[in-house]
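Enquirer: In the numbering used here, the protein residues as written are 1 to 656.
My questions all concern the structure below.
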């Protein structure tokens with residue numbers, strides 16, 4: 001039903017197009033612009049009035065276009081003219097199409113002649129594992145009932161069952177030709193049973209190949225089975241659509257596969273049972289992946305060295321042999337990763353002899369893993385003992401025991417015969433444990449010898465605050481005093497450390513307790529233990545005080561010094577010095593006045609320091625041995641060199 005407005009617009013559009021075709025330059029542009037304006041008007045009219053203006057007829061019955069598409073297109077005028085026409089055709093022709101193809105699949109997306117090829121290729125790429133899961137591809141797979149969630153599973157598809165039923169009618173070793181599935185109708189090929197386009201038959205066949213149900217023969221291409229599933233993403237669609245035939249896949253090479261499962265320690269029954277072969281393929285892949293990972297770890301450990309107690313367990317030739325065997329095992333197992341389905345296992349290429357040849361390589365893996373376990377298990381113990389050896393003095397008897405034990409253990413651990421013996425491994429653990437316990441006992445003995453106990457710690461504290469030591473410290477500032485003696489005494493006293501807290505348990509994780517290293521400290525306590533040395537220092541303090549008292553008395557008795565006593569500026573200091581000379585004993589408490597008085601009265605004397613190192617150098621100059629006269633002369637020359645140019649009456653020699 002054409003109204004005047006529509007007719008006028010059509011005429012104006014036609015006229016503008018006609019004029020534009022014959023015009024040129026500026027006029028052509030004007031007519032083309034007018035034609036575009038009229039076309040927009042036509043399009044707007046069709047969108048707004050098409051459903052009411054057009055009438056459709058089918059099987060002698062007529063109705064308005066609006067009645068034909070009522071309820072089938074979204075409201076609001078969003079549908080295009082094409083959408084409306086397609087919807088009308090779909091609604092009216094649906095009963096006839098249902099009669100022709102009652103089992104035609106229902107697609108969730110619009111599949112047309114124009115996009116059918118691309119949608120098919122998308123679906124094939126998904127099956128081949130070579131493409132992203134596009135909406136069109138997934139829609140095709142879903143419509144053909146080939147999906148279980150996102151997995152390709154054709155078992156419940158009526159389309160796949162039909163193919164298998166037809167193939168099942170064929171005797172063994174016969175094929176099902178394309179012509180038995182596809183027929184031509186009005187110059188167009190259809191999958192006869194479902195009146196379905198051949199492209200979708202190819203998708204079903206690809207899913208069956210994926211599940212190892214069939215093998216597809218295509219001209220110019222090797223037969224496509226499950227092991228070559230990726231070919232569905234590579235072969236031209238026209239070649240796939242015009243395939244030659246399908247056939248049953250070959251059966252599995254049961255003998256070699258049973259040998260393989262036995263080699264890997266998998267139940268052979270898994271692969272023998274036809275109903276469990278997919279599960280067997282997955283179990284095989286799981287085991288292969290785990291073993292490849294183990295091989296990578298073993299290769300890395302072998303490359304870095306299997307070090308036991310500071311020494312490589314394997315010699316150079318053994319390392320090369322195991323390295324080669326691990327590489328061969330890894331290459332073999334990685335080659336098995338392609339056979340990840342029952343269908344692919346039908347093309348398993350290895351013979352039983354090939355598989356038996358891998359026993360030695362996997363045995364090498366087991367051996368290296370045992371060595372890694374051995375190193376890891378005893379590594380902490382041997383590391384402990386290595387540190388313990390360095391901690392004890394070089395001449396300690398325990399170190400000799402460790403040396404002998406290590407030599408015996410290394411002889412056995414480097415022998416494949418001995419290191420695999422369970423008795424050796426038990427003895428090894430016991431030996432290392434015994435050595436550790438013996439070390440603890442010896443270390444504690446040395447610790448207690450080189451450290452003050454609780455009683456000794458109290459005595460040390462008391463001695464540190466002793467008034468006698470305080471007297472000497474006060475006199476340290478007097479020029480003529482042998483201060484090196486006091487310094488040596490204090491160093492020895494303060495060098496005595498207190499610690500009585502050690503136990504065997506404290507040495508469980510580390511062979512060193514509170515930073516005590518006998519190798520560094522034991523020589524000082526080899527002859528006298530710490531507590532004994534503290535007792536010696538107590539006795540020595542009286543001697544030290546007496547010696548310093550004598551030095552002071554002798555210097556104050558010198559005539560040149562005696563004259564200066566009366567000249568001491570401080571009366572208190574002078575009285576204190578005079579009292580000392582009279583009593584011959586140091587005051588209980590020495591104050592600064594007494595010290596200052598001594599410094600003042602002894603300031604005229606000159607201190608000459610003689611060191612033991614200087615004496616030794618002087619006496620050995622000219623070579624040793626020497627005669628008594630040479631010895632006397634050398635010493636005299638040494639003293640003269642120190643006192644040259646000085647007043648002999650004022651010189652006081654001090655040994656430091």
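All C-beta atoms, glycine included, are put in the ideal place defined by N, C-alpha and C.
This one's a predicted model, so the numbers in the text were calculated from it and none came from an experiment.
1. Touch check for the stretch 624-639 and the stretch 591-604: three-plus C-beta pairs under 8 Å?
2. Quick test of the definition: if touching needs 3 or more C-beta pairs under 8 Å, does the stretch 143-154 touch the stretch 176-183?
3. Looking at residue 256 and residue 348, is the spacing between their C-beta atoms short of 8 Å?
4. Nearest-angstrom Cα distance between residue 96 and residue 194?
5. So, at 8 Å on beta carbons, what are the nonlocal neighbours of residue 56 in its own chain, with the 5 sequence-adjacent residues on each side left out?
6. Give the straight-line distance between the Cα atoms of residue 290 and residue 265, rounded to the nearest whole angstrom.
7. Whole-angstrom Cβ separation of residue 130 and residue 236, contact assumed at under 8 Å?
8. Taking the straight line between their C-alpha atoms, what separation do you get for residue 200 and residue 120?
9. Measuring straight from C-alpha to C-alpha, what distance separates residue 247 and residue 168?
10. Name, in chain order, the residues that DSSP records as bridge partners for residue 455.
11. Residue 27 by DSSP, collapsed to three states: which one?
12. Please report the straight-line C-alpha distance between residue 618 and residue 400, rounded to a whole angstrom.
13. Which residue comes first and which comes last in the beta strand (DSSP E) that contains residue 352?
14. What span of residues does the beta strand (DSSP E) with residue 134 cover, start to end?
15. If you draw a straight line from the C-alpha of residue 552 to the C-alpha of residue 586, how long is it?
16. Nearest by alpha-carbon distance to residue 368: which of 324, 388 and 31 is it?
17. Report all residues from its chain with a CB closer than 7 Å to the CB of residue 412; omit the five preceding and five following residues, and keep chain order.
18. Assess, as a yes-or-no matter, whether the stretch 290-302 is touched by the stretch 390-399 under the definition of 3 or more beta carbon pairs within less than 8 Å.
19. Quick check: the stretch 440-453 against the stretch 506-518, are at least 3 beta-carbon pairs closer than 8 Å?
20. In chain order, what residues of the same chain have a beta carbon less than 7 Å from the beta carbon of residue 371, not counting five sequence neighbours either side?
21. Hey, would you say residue 271 sits closer than 8 Å to residue 261, going by beta carbons?
22. Exposed or buried, what is residue 343 when buried is set at 16 or more other beta-carbons lying within 10 Å of its beta-carbon?
23. Among the residues of its own chain, which have a CB less than 8 Å from the CB of residue 249, if the five just before and after it don't count?
24. Expressed to the nearest angstrom, what Euclidean distance is found between the alpha-carbon atoms of residue 243 and residue 223?
25. If you draw a straight line from the C-alpha of residue 453 to the C-alpha of residue 398, how long is it?
26. Identify, in the order they occur along the chain, each residue of the same chain with its Cβ nearer than 8 Å to the Cβ of residue 326, setting aside the five sequence neighbours on each side.
27. Taking the beta strand (DSSP E) that residue 221 belongs to, which residues open and close that run?
28. Mind checking who residue 185 pairs with in its DSSP beta bridge?
29. Starting from residue 384, trace the alpha helix (DSSP H) both ways and give me its first and last residue.
30. Give the DSSP bridge partners of residue 216, in chain order.
31. To which residues of the same chain is residue 6 closer than 7 Å at the C-beta, ignoring the five residues directly before and after it?
32. State whether the stretch 101-108 contacts the stretch 131-146, with contact taken as three or more CB pairs (one from each stretch) at a distance under 8 Å.
33. Taking the C-alpha atoms as reference points, what is the distance between residue 410 and residue 438?
34. Quick check on this structure: which residue in 354, 474 and 281 has the alpha carbon closest to the alpha carbon of residue 549?
35. For the stretch 458-466 against the stretch 523-542, do three or more pairs of beta-carbon atoms, one drawn from each stretch, fall closer than 8 Å, so that the two count as touching?
36. Would you identify the three-state DSSP class for residue 159, choosing helix, strand or coil?
Expert: Here's the rundown:
1. no
2. no
3. One-based indexing of the chain shown puts residue 348 at position 348. One-based indexing of the chain shown puts residue 256 at position 256. Yes, the Cβ-Cβ distance between residue 348 and residue 256 is below 8 Å.
4. In the chain shown, residue 96 corresponds to position 96, counting from 1. In the chain shown, residue 194 corresponds to position 194, counting from 1. Near 14 Å, if we compare the C-alpha coordinates of residue 194 and residue 96.
5. Taking the first residue of the chain shown as 1, we reach residue 56 at position 56. So the qualifying residues of the chain are 62, 63, 64, 65, 68, 88 and 92.
6. If you number the chain shown from 1, residue 290 lands on position 290. If you number the chain shown from 1, residue 265 lands on position 265. Approximately 13 Å between the Cα atoms of the pair.
7. Taking the chain shown and counting its residues from 1, one reaches residue 130 at position 130. Taking the chain shown and counting its residues from 1, one reaches residue 236 at position 236. Rounded to the nearest angstrom, the Cβ distance from residue 130 to residue 236 is 15 Å, too far for a contact under 8 Å.
8. In the chain shown, the residue the question calls residue 200 occupies position 200. In the chain shown, the residue the question calls residue 120 occupies position 120. C-alpha separation (whole angstroms): 7 Å.
9. Here residue 247 corresponds to residue number 247 of the chain shown, with the count starting at 1. Here residue 168 corresponds to residue number 168 of the chain shown, with the count starting at 1. Between residue 247 and residue 168, the C-alpha separation is close to 10 Å.
10. As a working mapping, residue 455 is identified with position 455 in the chain shown. According to DSSP, which records beta bridges pairwise, residue 455 is partnered with nothing at all.
11. If you number the chain shown from 1, residue 27 lands on position 27. Residue 27 falls in the helix class under three-state DSSP.
12. Working through the chain shown from its first residue, we reach residue 618 at position 618. Working through the chain shown from its first residue, we reach residue 400 at position 400. C-alpha separation (whole angstroms): 43 Å.
13. Counting from one through the chain shown, the residue named residue 352 turns up at place 352. Residue 352 -> not in any beta strand (DSSP E); alpha helix (DSSP H) instead, spanning 352-356.
14. Sequence index remark: in the chain shown, residue 134 carries index 134 (1-based). That residue, residue 134, is in no beta strand (DSSP E); it is neither H nor E in DSSP.
15. For the purposes of this step, residue 552 is taken as residue 552 along the chain shown, with counting starting at 1. For the purposes of this step, residue 586 is taken as residue 586 along the chain shown, with counting starting at 1. A direct Cα-Cα distance of roughly 10 Å separates residue 552 from residue 586.
16. As a position in the chain shown, residue 368 is number 368, starting the count at 1. Looking at the Cα atoms, 324 is the closest of the given residues.
17. As a working mapping, residue 412 is identified with position 412 in the chain shown. Excluding positions up to five away in sequence, the list reads 418, 419 and 424.
18. no
19. yes
20. One-based indexing of the chain shown puts residue 371 at position 371. Here the set comprises 306 and 313.
21. On the chain shown, residue 271 is found 271 positions in, with the first residue counted as 1. On the chain shown, residue 261 is found 261 positions in, with the first residue counted as 1. Yes.
22. Here residue 343 refers to the residue found at position 343 of the chain shown. That one is buried.
23. As a first step, residue 249 must be located in the chain shown, where it is residue number 249. Only 212, 213, 214, 215, 225, 226, 343 and 346 meet the Cβ criterion.
24. Mapped onto the chain shown, residue 243 falls at position 243. Mapped onto the chain shown, residue 223 falls at position 223. Residue 243 and residue 223: Cα-Cα distance of roughly 10 Å.
25. Position 453 of the chain shown, counted from the first residue, corresponds to residue 453. Position 398 of the chain shown, counted from the first residue, corresponds to residue 398. In a straight line, the C-alpha of residue 453 is about 25 Å away from that of residue 398.
26. Position 326 of the chain shown holds residue 326. Excluding residues within five positions, the ones whose Cβ falls inside 8 Å are 295, 298, 299, 302, 361, 364, 365 and 368.
27. Position 221 of the chain shown, counted from the start, is the residue given in the question as residue 221. Taken as a continuous stretch (DSSP letters only), the beta strand (DSSP E) holding residue 221 covers 221-224.
28. On the chain shown, residue 185 is found 185 positions in, with the first residue counted as 1. DSSP, once it has assigned bridges, lists 188 as partnering residue 185.
29. Locating residue 384 in the chain shown gives position 384, where the first residue counts as 1. Start and end: 359-391.
30. The residue labelled residue 216 in the question sits at position 216 within the chain shown. The bridge partners DSSP lists for residue 216 are 224 and 246.
31. Residue 6 sits at position 6 when you count from the first residue of the chain shown. Correct list, in chain order: 45.
32. yes
33. On the chain shown, residue 410 is found 410 positions in, with the first residue counted as 1. On the chain shown, residue 438 is found 438 positions in, with the first residue counted as 1. Answer to the nearest angstrom: the Cα atoms are 20 Å apart.
34. By one-based count along the chain shown, residue 549 stands at place 549. Of 354, 474 and 281, the residue nearest in Cα terms is 474.
35. yes
36. Mapped onto the chain shown, residue 159 falls at position 159. DSSP places residue 159 in helix when its eight states are reduced to three.
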